[in-house]
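Asker:
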Amino acid sequence: MLGTYFYHQIVRKTIIAFGTLFNEIYIFHKSADGDNISQIKVPLAYGPTQKFLARIQQQPDLNKPVQITLPRMSFEMTSIQYDPTRKSNVTQSFKASDGQNFKKVYLPVPYNIGFELNILTKLNDDALQVVEQILPFFQPSFNLTVDLLDSIGEKRDIPVTLNNISFQDDYEGDFSTRRALIYTLQFTAKTYLFGPIAESTEGLIRKVQVDMYSSTDVTTAKREVRYTVVPDPIDADPGDDFGFSENWDFFADSKTYSPTQQTDI
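Listed below in structure tokens is the structure:
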């Protein structure tokens with residue numbers, strides 16, 4: 070299997086899905102009478118906090134016409150780690166259709182992706198407004214539905230768990246120096262990584278047969294009933310309108326009784 074090229078963009082999709090959780094956060098500033106003075110949509114960008122702090126430190130003059138604005142948020146992927154607690158049998162597989170052909174897909178491998186969300190503001194009330202719009206949704210996890218495999222429409226719920234919250238007041242210098250309050254929220258997204266998708270070498274299952282015995286020891290037990298079911302018509306495809314023909318064979322005194330029943334779906 071190694072050396073077979075495939076790229077499902079699962080980690081990329083998980084990063085994008087995580088970011089979309091926080092791209093509609095607003096801050097309101099009110100007057101003493103409770104009227105709204107301004108409304109700010111908090112910008113969200115992918116990148117480390119140090120990048121934004123460095124830009125602030127390089128632009129310390131509050132009177133400069135062009136400078137980085139606060140509040141803003143940044144997030145980044147911080148780790149990726151195998152999760153043995155969600156391990157399944159690696160040899161198990163399932164079949165899926167891409168609309169035309171059947172594919173053979175092995176069960177995915179569970180991985181935990183760590184994320185860090187940073188909230189940068191110059192007013193503590195701004196930071197608290199953002200934090201309170203996030204925390205109630207994590208108890209302690211929030212499920213994201215991600216289309217992990219576009220080709221076969223494989224969607225899965227990815228739990229995103231809030232692990233830790235910390236606070237930092239990055240303020241040094243006199244009153245002319247800009248202040249940055251930083252709230253850091255750490256998350257874990259429990260996603261799955263799929264391997265290559267192969268063409269299924271097996272055809273459609275068009276017959277199911279079940280034998281029923283008088284005891285669990287089939288080497289000595291007498292076979293009493295055989296149940297057989299086939300699609301009707303037998304050459305029906307998965308997208309066709311078809312039914313099933315069921316047949317019960319009862320074995321007694323070397324005679325077989327076979328009433329047939331047809332069931333539509």
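To convert, count from 1 in the sequence shown and add 69; that's my numbering.
A virtual CB, placed ideally from N, CA and C, is assigned to each residue, including glycine.
#1: Between the alpha carbons of Pro-205 and Leu-90, how many angstroms are there, rounded?
#2: Looking only at its chain, what residues have a beta carbon closer than 6 Å to the beta carbon of Asn-233, apart from the 5 residues adjacent to it on each side?
#3: Give the C-beta separation of Glu-185 and Thr-147 to the nearest angstrom, bearing in mind that I take them to be a contact with Cβ-Cβ under 8 Å.
#4: Within the same chain, show all residues whose beta-carbon is closer than 6 Å to that of Lys-276, passing over the 5 residues directly before and after it, in chain order.
#5: Beta-carbon within less than 6 Å of Ile-188's beta-carbon, same chain only, minus the 5 sequence neighbours each way: which residues are those?
#6: So what does DSSP say about Phe-263, is it helix, strand or coil?
#7: Classify Lys-259 as buried or exposed, calling it buried when 16 or more other Cβ atoms lie within 10 Å of its own Cβ.
#8: If contact is defined by three or more beta carbon pairs under 8 Å, each pair taking one atom from either stretch, is the segment 205-225 in contact with the segment 97-106?
#9: Excluding the five sequence neighbours on either side, which residues of its own chain have a C-beta within less than 6 Å of the C-beta of Ile-109, listed in chain order?
#10: Could you name the residues of the same chain whose beta carbon sits closer than 6 Å to that of His-98, not counting the 5 residues immediately before and after it, in chain order?
#11: Between the C-alpha atoms of Leu-192 and Ile-203, what's the straight-line distance to the nearest angstrom?
#12: Going by Cα to Cα distance, which pick from Gln-78, Gln-150, Pro-112 is closest to Pro-140?
Answerer: The short version:
#1: Here residue 205 is taken as the residue at index 136 of the sequence shown, counted from 1. Here residue 90 is taken as the residue at index 21 of the sequence shown, counted from 1. If you take the alpha carbons of Pro-205 and Leu-90, they lie about 13 Å apart.
#2: Start at 1 with the first residue of the sequence shown, and residue 233 comes out as number 164. Closer than 6 Å at Cβ, skipping near neighbours: Gln-255.
#3: Along the sequence shown, read from residue 1 onward, the residue named residue 185 stands at position 116. Along the sequence shown, read from residue 1 onward, the residue named residue 147 stands at position 78. Confirmed, Cβ separation roughly 5 Å.
#4: Within the sequence shown, residue 276 is the residue found at index 207, counting from 1. Excluding positions up to five away in sequence, the list reads Val-299.
#5: Position 119 of the sequence shown holds residue 188. Same-chain partners within the cutoff: Met-142, Ala-196, Val-199, Tyr-252.
#6: In the sequence shown, the residue the question calls residue 263 occupies position 194. For Phe-263, the three-state secondary structure derived from DSSP is coil.
#7: For this step, residue 259 is matched to residue 190 along the sequence shown. It counts as buried.
#8: Under the 8 Å Cβ criterion, the segment 97-106 does not count as touching the segment 205-225, having fewer than three qualifying pairs.
#9: Start at 1 with the first residue of the sequence shown, and residue 109 comes out as number 40. In the same chain as Ile-109, and ignoring 5 residues on each side of it, the C-beta atoms closer than 6 Å to its own belong to Ile-96, in chain order.
#10: By one-based count along the sequence shown, residue 98 stands at place 29. Closer than 6 Å at the Cβ level, and outside the excluded window around His-98, lie Ile-106, Ser-107.
#11: Looking up residue 192 in the sequence shown gives position 123. Looking up residue 203 in the sequence shown gives position 134. The straight-line gap from Cα to Cα measures roughly 18 Å.
#12: Position 71 of the sequence shown holds residue 140. Out of Gln-78, Gln-150, Pro-112, Pro-112 has the C-alpha closest to the C-alpha of Pro-140.
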